[in-house]
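With our numbering as the guide, the letters of the sequence shown map in order to residues 1 to 258.
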Amino acid sequence: MSCFMVQQKHRCFSNPLVGLVISESGHATLHPDIFSCCSDPQEHLQEDGSWFICSARKRLSRVQDLLDQYKRLWKQPFPGFPRAAQPRIQEYFHAMICLEKGLLKGSVFCSDSDQTRGSDDIWLMAMVSVWRYDFHPHVVTIGLSREDELLPHLGTGCGQYRPIVLVDQVKSFRFPHFRQDFELLVSWADRAEAPLWMDVIREVFDPPPKETSSDALLSAYNKRISRFRKTPPLAHLDSNTLSRLSSVSVGYRNFHSP
Numbered sequence: 001m002s003c004f005m006v007q008q009k010h011r012c013f014s015n016p017l018v019g020l021v022i023s024e025s026g027h028a029t030l031h032p033d034i035f036s037c038c039s040d041p042q043e044h045l046q047e048d049g050s051w052f053i054c055s056a057r058k059r060l061s062r063v064q065d066l067l068d069q070y071k072r073l074w075k076q077p078f079p080g081f082p083r084a085a086q087p088r089i090q091e092y093f094h095a096m097i098c099l100e101k102g103l104l105k106g107s108v109f110c111s112d113s114d115q116t117r118g119s120d121d122i123w124l125m126a127m128v129s130v131w132r133y134d135f136h137p138h139v140v141t142i143g144l145s146r147e148d149e150l151l152p153h154l155g156t157g158c159g160q161y162r163p164i165v166l167v168d169q170v171k172s173f174r175f176p177h178f179r180q181d182f183e184l185l186v187s188w189a190d191r192a193e194a195p196l197w198m199d200v201i202r203e204v205f206d207p208p209p210k211e212t213s214s215d216a217l218l219s220a221y222n223k224r225i226s227r228f229r230k231t232p233p234l235a236h237l238d239s240n241t242l243s244r245l246s247s248v249s250v251g252y253r254n255f256h257s258p
């Protein structure tokens, strides 16, 4: 009988992390019924007579690293598999198949995610790429990740595939520091030919205060906020960064021009 890690790679499941059990506290374990015989490393005899070394526990460890990273950044456990993310995850499965063949760019999208807990899509994509495909994603949260976490630290054992970059933007590029962080990351991805996925921010502003005809200062403030509302998330990036972004992602134009 084939190992589950081989069977599940390209199969469609309602749960993209099938085989894993993630507790409410953010701790991942192998499903006991599916991996009752699994110890890592362990060789399994395949139906075609070849031997396969199960990587379940190594992948589990890397998924746990992502869960720990999320918890450290957001001060709460990962909320689990969101139903709303399922259509995008199905698209991501197709992208992973393309990546195996070396033919792929990432994409820029906006999930309108809850800014108090980050992008469910980005973090779930990262876990899927580890668990289902044994890739090595690099997740950056613009606005929360430390400077020493911006660029991947790739060691040995990263497989034959290019690294994958996933960006969760929670701070606006109006602020130079966050814009520079992203420019550095895009430059690295361009040089490394690493596909980049990004969930862009939708800035939320409080309703403008009511003004009187004599309140010129308040009127100017409201006009400024109105301009911010109409400014696309990537409009603050320079042409060089946009050019590099176009080499590793598609869809960014939807968030660059009004």
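Ideal placement from N, C-alpha and C gives every residue a C-beta, glycine not left out.
Rounded Cβ spacing between I89 and L124 (contact assumed at less than 8 Å): Contact holds; Cβ gap of about 6 Å.
Between the CA atoms of H256 and L30 - distance to the nearest angstrom: Straight through space, the alpha carbons of H256 and L30 are spaced by roughly 42 Å.
Which of helix, strand or coil DSSP assigns to F78: F78 falls in the coil class under three-state DSSP.
Between the CA atoms of V170 and S111 - distance to the nearest angstrom: Taking the straight line from one Cα to the other gives about 12 Å.
Beta carbon of D249 nearer than 7 Å to that of G106: Position check: residue 249 holds Ser in this sequence, whereas Asp was assumed. Yes. Within cutoff.
Residue(s) in a DSSP beta bridge with W197: L166, per the DSSP bridge assignment.
Where T141 sits in the DSSP three-state scheme: In this structure, T141 counts as strand in the three-state DSSP scheme.
From L60, L99, S187, residue whose alpha carbon lies closest to that of R244: Cα-wise, what sits closest to R244 is S187.
Beta-carbon contacts of W131 that lie in its chain and below 6 Å, excluding the five residues immediately before and after: A distance below 6 Å between beta-carbons, with the five flanking residues on each side excluded, links W131 to the following residues of its chain, in chain order: L17, R59, V63.
Reduced DSSP secondary structure (H/G/I, E/B, other) of F205: For F205, the predicted model reports a pLDDT of 46, less than 50, meaning its position is unreliable and no value from the coordinates is stated.
Per-residue burial, P152 [other beta carbons within 10 Å of its own, 16 or more giving buried]: It is buried - the Cβ of P152 has at least 16 other Cβ atoms within 10 Å.
Three-state secondary structure assigned by DSSP to T241: Three-state result, T241: helix.
CA-to-CA distance, G102 to F173, given in whole angstroms: Between F173 and G102, the C-alpha separation is close to 31 Å.
Per-residue burial, H136 [other beta carbons within 10 Å of its own, 16 or more giving buried]: In this structure H136 is buried. Its beta-carbon is surrounded by 16 or more other beta-carbon atoms within 10 angstroms.
Closest Cα partner of F35 within the set S23, S55, H27: Nearest of S23, S55, H27 to F35, Cα basis: S55.
DSSP bridge partner residues for A192 (one or two, in chain order): Per DSSP, A192 has no beta bridge partner at all.
According to DSSP, residues forming a beta bridge with S107: DSSP output for S107 lists V250 as bridge partner(s).
Whole-angstrom C-beta distance between D168 and I122, which should lie under 8 Å: Indeed they touch by this definition, with Cβ atoms about 4 Å apart.
Bridge partners - T116, DSSP secondary structure assignment: Partner(s): none; T116 has no beta bridge.
Contacts around G251, its chain only, beta-carbon distance under 8 Å, and the 5 residues preceding and following it disregarded: The answer, listed in chain order, is S107, V108, F109.
Sub-7 Å separation of L73 and L144 beta-carbons: At a Cβ-Cβ threshold of 7 Å, L73 and L144 count as neighbours.
Other residues of its chain near Y70: CB distance less than 6 Å, five sequence neighbours each side excluded: Cβ neighbours of Y70 beyond the five flanking positions: F78, W123.
Segment limits, beta strand (DSSP E) that includes L20: For L20, the enclosing beta strand (DSSP E) has its first and last residue at 20 to 22.
L67 vs G19 beta-carbon contact at 7 Å: No, they are not a contact pair.
Span separating the alpha-carbon of M96 from that of Y133: Computed Cα separation, rounded: 7 Å.
Nearest-angstrom Cα separation, counted from D33 out to N254: So the two alpha carbons sit approximately 45 Å from each other.
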